[in-house]
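Numbering (this note's numbering), first residue to last: 1318 to 1395.
Glycine residues also receive a C-beta, built at the ideal position from the N, C-alpha and C atoms.
Structure (structure tokens):
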């Protein structure tokens, strides 16, 4: 089982979503991805969350204790 990590730019635009899409399309069941972004951009995470849901991932969003980073940890079902 492998783990992948992606750090997204401050603005979650179509390019950022496409970057995540390309990564998750290569993943096998049981593999994990950690998507990292600034906490100020967490309100822009919906397209990423929708993408994970559409591609059969279990996921858990969370923020850091210092409030600076926002993560979405996901695992491909199967």
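Extent of the continuous beta strand (DSSP E) to which residue i belongs
i, result
"residue 1378", "1374-1380"
"residue 1321", "1320-1324"
"residue 1354", "1349-1355"
"residue 1258", "Look at the range of the chain in this structure, 1318 to 1395, and you will see that residue 1258 is not part of it."
Start-to-end residues for the alpha helix (DSSP H) that takes in residue i
i, result
"residue 1371", "1363-1371"
Nearest to residue i (by Cα), restricted to the options the options
i, options, result
"residue 1363", "1320, 1388, 1340 and 1321", "1388"
"residue 1341", "1333, 1376, 1324 and 1372", "1372"
"residue 1357", "1333, 1380 and 1332", "1380"
"residue 1332", "1365, 1348 and 1376", "1365"
DSSP state of residue i mapped onto helix, strand, coil
i, result
"residue 1329", "coil"
"residue 1335", "helix"
Pairwise C-alpha distance: residue j and residue i
i, j, result
"residue 1336", "residue 1393", "17 Å"
"residue 1324", "residue 1354", "6 Å"
"residue 1395", "residue 1359", "28 Å"
Beta-carbon gap between residue i and residue j smaller than 8 Å
i, j, result
"residue 1320", "residue 1351", "yes"
"residue 1345", "residue 1369", "no"
"residue 1329", "residue 1361", "yes"
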